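The numbers in numbering that gives the first Met the number 0 rise by one with no breaks, and the one at position 11 of the sequence shown is 10. Glycine included, every Cβ here is placed at the ideal spot set by N, Cα and C. Keep in mind it's a predicted model, so treat the numbers as computed, not measured.
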Amino acid sequence: MSDHSQKIAISVYGARDTYDKSFDTLEAAEKLGDIIAQHDCTVTLPATTGFPFWVAKGAYNAGAHVVGFSPAAHEREHVEVYNLPIEYMHMIIYSGFGYAGSDLLLSRSSDAIIFGYGGLETVHEFWVAFQENKPIGILKGEWDTDEILFNLLRGHEEHFDHNRIIFDDDPNRLIEQLIKRAKENKAAEYHI
């Protein structure tokens, strides 16, 4: 890739509701954002509460460019109807397509995707990302999201590239592997 290439955009998905998780989970999210920033990547994520909010906070405070994707059509709907935050994001793309539509735009706009502590919505987000054929990293932690996503894949192994989906409990190593694969994908797309 040339020196004029855009930064790798890494998306992070996770649960909007984290009220039942320990502060350690939120600290892990904030640390993940910080580590992505240290790797000089753009952070893209749902413009929401919970795990993605804490990732945004960590990335923003560490100097990364953070782009949020909203289900709302405009800022007022984002804040007043969806009750979503606008902090820790340099820019929010207001899709107007609800959560499902903004998930698709987010996955398509990212070079690699990470899943952390997740909720019910994470299953949908995972399948959208999976179908986009992007490198996917699943961060193992004190949560069971990694096991749930692994079990979703069980029995479908012949339908996906095992090198594209990475399970790891070390966020730094996970990000390094995703960046490597994202760069390989970009090079293949442009025949560099």
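- When Leu152, Gln37 and Glu131 are compared, the shortest CA-CA separation from Asn184 is found for Glu131.
- At the C-beta level, Thr43 and Ser109 come within 8 Å of one another.
- By the C-beta criterion, the segment 89-108 is judged not to be in contact with the segment 23-30, since fewer than 3 inter-stretch pairs fall below 8 Å.
- In the DSSP assignment, Gly136 falls within the beta strand (DSSP E) that extends over Ile135 to Leu138.
- Contact check between the segment 69-80 and the segment 113-128: fewer than three CB pairs, one atom from each, fall below 8 Å, which does not count as touching.
- When DSSP reads this structure, Tyr81 sits in no beta bridge, so it has no partner.
- Beta-bridge partners assigned by DSSP to Ile7: none are found.
- Nearest neighbour of Tyr81 by Cα position, chosen from Ile165, Phe68 and Tyr87, turns out to be Phe68.
- In this chain, Ser94 is not harboured by any beta strand (DSSP E), its DSSP state being neither H nor E.
- Secondary structure note for Gly57: its alpha helix (DSSP H) is the uninterrupted segment Phe50 to Asn60.
- Across the structure, Phe114 and Phe52 are spaced so that their CA atoms are roughly 13 Å apart.
- Between the alpha carbons of His64 and Leu138 lies a gap of roughly 21 Å.
- Nearest in C-alpha terms to Pro70, of all of Gly49, Leu105 and Phe166, is Leu105.
- Between Ala181 and Ala111, the C-beta spacing is below 8 Å.
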